[in-house]
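Engineer: Residue numbering for the sequence shown is 1 to 605, as defined by full-length UniProt numbering.
Sharing a structure with you now.
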Amino acid sequence: MPLNPEFRGLPAVPPERDDQVVTGLLPHEPLTFQTPEGLDSLNEPVCVVTGQRGVGKTQLAAAYARQRVHDGWLVAWIGAETAGQLAAGLVELADRLGLYRPEDGTEITLARVRNHLRTRSGRALLVFDNVVSLDAVRPHLPSVSTCQVVITTTARGSQLGRDVPVEVFTPEVAARFLRHATGLDGDATELAAELGHLPLALAQAAARIKRARWDYARYLERFREFPAAEHLVRRDGDPYPIGAATAILMALEPFRDSELVRVLSVLSPDGVPRDLLGDDDELLDLHEASLVEFAGDSSVRMHRLVQRVVRDQGDWVALAAGLLLHRVDFDGDELVRQVEALWANTDERQMSKNVLLLRLWEAGHLGSTARFDEAGVIAEEVYAEGLARLGDDEDFLLAARQVASVVGQADLLPRLRIDLVTSREVHGTDHPLALGSARVLAQHSVRKGRAEEAVSVLEQALEPWRGEPVEAEHFGALDDLGAAYTLTGRAAEAVVVLERSLDVRPEALYTQSLLSDACGALGRFADARRLCEEVWDAYRGTAGPGHPATLFAAGKLGSALFLNGEPDLARSLLLVVRAIGTDLLGPDHLVVTAAEGALRIVRQD
């Protein structure tokens with residue numbers, strides 16, 4: 001579809017229509033925007049915009065995307081530097097389309113998005129910005145002409161679609177850009193040449209000239225005298241043009257001591273929420289200096305080349321980690337994106353407890369949203385790093401062990417056994433840290449099919465409090481022991497332990513649910529039915545009828561009804577659970593598969 005000339009260079013992202021879907025941090029038009037050459041070339045199902053950093057690949061794609069928003073298309077702007085970022089962008093799209101179920105894995109969600117885009121009738125545009133691995137994008141290319149993909153990358157010869165190369169400005173265009181951006185007449189040809197005709201460097205030079213009220217000659221003199229090498233401590237990575245680095249350093253001069261600049265240099269180049277940063281006045285100053293640009297509704301992004309130059313001036317990871325640790329109540333998925341970026345910019349020298357705490361928080365958040373594979377890898381990595389770097393920090397290691405044992409896939413039993421022995425030797429058997437270590441080992445033992453070991457560990461851990469009143473710090477361990485007793489055929493002992501806990505906190509739904517399992521194992525089917533119904537009623541009142549916990553409780557009640565000799569009522573309830581669960585959570589959710597398993601047993605009766 002050809003572009004409408006009147007919509008080129010729209011000043012901001014056009015507002016969505018009521019039924020339109022636009023996701024991602026679509027960049028706004030920059031202050032010194034010049035309609036990119038190649039805009040009319042983005043007319044194939046797959047277009048790959050290529051070129052060196054700073055030539056305006058992202059701005060070309062953004063100008064095209066802004067028009068397609070105006071045209072009413074579905075538009076998804078997805079940062080795709082890593083496979084994780086690409087997946088997160090597609091999950092965000094799934095959420096806006098009503099296809100996301102928090103309890104499902106990422107692969108199921110991505111499959112739903114692909115199927116939706118292949119069958120929808122309306123026009124759609126996916127922009128994958130800053131792609132490093134072209135293979136990561138291949139599964140998401142459209143198979144229908146109604147969905148277009150635009151990719152920006154520094155890689156050439158992709159063979160994915162039509163290549164749209166973006167080069168530096170011609171000398172004439174570069175000089176004209178400087179005159180327009182600065183409002184100065186005169187010959188800008190020499191300065192443009194010194195800047196390599198690179199659009200990013202030209203924009204920052206123009207902003208510095210305007211801010212300092214220099215002319216071209218004065219800027220050129222300062223540019224040639226500027227000791228760029230003294231400001232940069234080069235690290236590994238792709239080289240950047242020294243002229244561009246000098247222009248960036250000169251643009252940064254008024255912000256030499258800016259903590260905001262330093263923080264932005266190690267966070268996501270795809271955008272950081274302004275609410276997370278907090279200083280709108282300085283952000284506006286940085287925007288006027290062409291050091292940042294605005295994206296989406298309320299985000300700010302710093303160009304990757306600017307980030308590289310700022311990072312090469314010092315180590316800013318600790319500063320950013322401190323900020324993020326004070327924002328862990330911020331939007332979870334957004335904070336994950338920033339922690340991922342910070343981790344990517346953290347080397348061995350910059351590793352610290354704060355960085356590891358952020359990664360541990362990330363693993364916990366991913367686990368809470370059923371992204372167990374990602375959570376497990378991160379948790380195990382953090383645990384290993386913690387052992388190596390923070391071996392004497394027992395509080396941190398206990399937290400890391402707990403997360404890794406719950407969401408990780410590795411067999412941690414040997415390590416957890418050693419940890420428990422060490423904790424008891426250091427703190428004593430009645431210390432909360434020793435009890436916590438025992439619970440972590442027991443839970444992991446159950447996951448690995450060693451419930452007998454879990455019983456032994458928990459009995460020994462609770463021995464110091466035998467015969468004493470139940471305290472709040474013991475509730476979790478008693479629940480774990482009751483569940484392990486039931487799994488090992490000791491349901492009568494499970495009932496004793498769980499009822500002891502419920503005497504102190506009768507409203508504990510999880511404990512009641514565990515008690516229903518123990519009653520069922522003992523053949524006390526009426527008691528199991530009563531407990532399951534009480535738990536279901538409580539969840540309906542607190543979480544709502546469609547919540548996964550409510551539906552799971554209803555499924556357990558269905559099984560209890562069958563065991564209690566009420567097969568017709570059991571069948572009816574399980575059919576309802578399966579239908580609602582499939583509609584709300586998808587056919588592969590645990591709620592649905594458990595209901596189907598129970599229905600097979602009921603039908604065989």
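Each residue gets a CB set at the ideal place from its N, CA and C atoms; glycine is no exception.
None of the values given here were measured: they were computed from a predicted structure.
Taking only three categories from DSSP, how would you classify L307?
Structural biologist: A quick correction: the sequence has Gln, not Leu, at residue 307. Helix, per DSSP.
Engineer: S501 lies in the alpha helix (DSSP H); which residues open and close that run?
Structural biologist: Unbroken alpha helix (DSSP H) run through S501: A491 to V504.
Engineer: Assess, as a yes-or-no matter, whether the region 190-208 is touched by the region 241-261 under the definition of 3 or more beta carbon pairs within less than 8 Å.
Structural biologist: Cβ pair count under 8 Å is three or more, so yes.
Engineer: To the nearest angstrom, report how far apart G56 and L390 are at their CA atoms.
Structural biologist: Whole-angstrom Cα-Cα distance: 44 Å.
Engineer: With a threshold of 8 Å between beta-carbons, can W465 be considered close to chain D, or not?
Structural biologist: Checking the listed chains, one finds no chain D in this structure; it contains a single protein chain.
Engineer: Kindly indicate which three-state DSSP category F294 falls into: helix, strand or coil?
Structural biologist: Strand, per DSSP.
Engineer: Let me confirm a value: T170 is counted as buried when at least 16 other C-beta atoms fall within 10 Å, else exposed. Which label applies?
Structural biologist: So T170 ends up on the exposed side.
Engineer: Just verifying my parser: in three-state terms, what is the DSSP assignment at D129?
Structural biologist: Three-state DSSP puts D129 in a strand.
Engineer: Are the Cβ atoms of L125 and R162 separated by less than 8 Å?
Structural biologist: Cβ atoms of L125 and R162: not closer than 8 Å.
Engineer: According to the neighbour-count rule (16 or more other Cβ atoms, all chains shown, within 10 Å of its Cβ), is G98 buried or exposed?
Structural biologist: It counts as exposed.
Engineer: CA-CA distance, S423 and L416?
Structural biologist: Distance between the alpha carbons of S423 and L416 is about 10 Å.
Engineer: Output the distance between the C-alpha atoms of L39 and L60, rounded to the nearest integer angstrom.
Structural biologist: Distance between the alpha carbons of L39 and L60 is about 6 Å.
Engineer: What does the Cβ neighbour count give for H474, buried or exposed, with the cut at 16 atoms within 10 Å?
Structural biologist: Classification for H474: buried.
Engineer: Less than 7 Å between C-beta atoms, sequence neighbours within five positions excluded: which residues of the same chain meet that for P273?
Structural biologist: Closer than 7 Å at Cβ, skipping near neighbours: S298, S299 and E334.
Engineer: How many Å lie between G72 and I151 at the Cα?
Structural biologist: Going by the C-alpha atoms only, they are around 20 Å apart.
Engineer: Examine the Cβ distances between the region 444-456 and the region 477-491 and report whether three or more of them are shorter than 8 Å.
Structural biologist: With a cut-off of 8 Å, the region 477-491 and the region 444-456 count as touching, because enough Cβ pairs lie within range.
Engineer: Go through its chain and collect everything with a Cβ distance to F128's Cβ below 6 Å, but skip five positions before and after it.
Structural biologist: Cβ within range, chain order: I78, A80, V137 and I151.
Engineer: Can you round the beta-carbon distance between R262 and L200 to whole angstroms, since I take them to be within the 8 Å contact cut?
Structural biologist: About 20 Å; that fails the 8 Å criterion.
Engineer: Three or more beta-carbon pairs under 8 Å between the region 350-365 and the region 379-388, yes or no?
Structural biologist: The region 350-365 vs the region 379-388: in contact.
Engineer: Provide the residue(s) that pair with R162 in DSSP beta bridges, ordered along the chain.
Structural biologist: DSSP lists C47 as partners of R162.
Engineer: What first and last residue would you give for the alpha helix (DSSP H) that runs through Q67?
Structural biologist: Looking at the DSSP string, the run of the alpha helix (DSSP H) that includes Q67 is K57 to H70.
Engineer: Does Q338 pass the burial test, meaning 16 or more other C-beta atoms within 10 Å, or should it be called exposed?
Structural biologist: With 16 or more other Cβ atoms within 10 Å, it is buried.
Engineer: For T511 versus D537, is the C-beta spacing smaller than 8 Å?
Structural biologist: Not in contact: T511 and D537 (Cβ atoms no closer than 8 Å).
Engineer: Please classify A212: is it buried, with 16 or more other beta-carbons within 10 angstroms of its beta-carbon, or exposed?
Structural biologist: It is exposed - the Cβ of A212 has fewer than 16 other Cβ atoms within 10 Å.
Engineer: For T23, which residues from the same chain have a beta carbon less than 6 Å from its beta carbon, with the 5 sequence-adjacent residues on both sides left out?
Structural biologist: The answer, listed in chain order, is A76, E92, L93 and R96.
Engineer: Looking at the unbroken beta strand (DSSP E) that takes in R299, where does it start and where does it end?
Structural biologist: The residue you asked about is not Arg; residue 299 is Ser in the sequence shown. Element bounds for S299: S299 to R301.
Engineer: Do L522 and V495 come within 8 Å of each other at the CB atom, strictly closer than that value?
Structural biologist: It is a contact, given that the beta carbons lie within the stated cut-off.
Engineer: Give me whichever residues DSSP pairs with A205 in a beta bridge.
Structural biologist: Paired residue(s): none; A205 is not in a bridge.
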